[in-house]
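Chemist:
Residue numbers (my numbering): -3 to 110.
1. Using 8 Å as the cut-off, can you tell me whether the stretch 1 to 12 makes contact with the stretch 34 to 41, which would need three or more C-beta pairs spanning the two stretches below that distance?
2. What is the C-beta distance between residue 54 and residue 3, in whole angstroms, given that I count them as a contact (C-beta under 8 Å)?
3. Against chain D, with Cβ distances strictly below 8 Å, would residue 36 count as a contact?
4. Output the distance between the C-alpha atoms of residue 91 and residue 78, rounded to the nearest integer angstrom.
5. Between residue 14 and residue 38, is the Cβ-Cβ spacing less than 8 Å?
6. What's the C-alpha gap between residue 27 and residue 1?
7. Could you tell me the alpha carbon to alpha carbon distance between residue 76 and residue 102, rounded to whole angstroms?
8. Which value, in whole angstroms, describes the spacing of the CA atoms of residue 96 and residue 25?
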């Protein structure tokens, strides 16, 4: 059992607003919330960031709602989050040179669906 619906409601976000933020259909979000199917790793990470809770909490792995860090402050400059296929993720702070190289690499990839 996942906690997507619960976390969305606690955050005070309507389904349609979360869908717009994530760029997904309302049917997809409804399916995720009802456990009909699960988001991919990028979807879990996007939900986590949008709802301000950890991926583990959303997946029902932990009881703790620990918020995920967001790169909005100066302290979080050059922070990169990399999601694995299993829903796990790592957060790394890169140097300016590493970040520029990483960004250039990502810009060469086609857009990914999730």
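Just so you know, even glycine gets a beta-carbon here, dropped at the ideal spot from N, CA and C.
Modeler: Let me spell this out:
1. no
2. Counted from its first residue, the chain shown places residue 54 at position 58. Counted from its first residue, the chain shown places residue 3 at position 7. About 6 Å separates the two Cβ atoms, so the contact holds.
3. Note that chain D does not occur in the displayed structure, where there is just one protein chain.
4. By 1-based counting over the chain shown, the position of residue 91 is 95. By 1-based counting over the chain shown, the position of residue 78 is 82. One C-alpha to the other measures close to 16 Å.
5. Position 18 of the chain shown, counted from the start, is the residue given in the question as residue 14. Position 42 of the chain shown, counted from the start, is the residue given in the question as residue 38. It is not a contact, given that the beta carbons lie outside the stated cut-off.
6. Residue numbering aside, residue 27 sits at position 31 when the chain shown is read from its first letter. Residue numbering aside, residue 1 sits at position 5 when the chain shown is read from its first letter. The alpha-carbon atoms of residue 27 and residue 1 are separated by roughly 10 Å.
7. Reading the chain shown from its first residue, position 80 is the one you call residue 76. Reading the chain shown from its first residue, position 106 is the one you call residue 102. Computed Cα separation, rounded: 12 Å.
8. Translated into positions along the chain shown, residue 96 becomes position 100. Translated into positions along the chain shown, residue 25 becomes position 29. Taking the straight line joining both Cα atoms gives about 33 Å.
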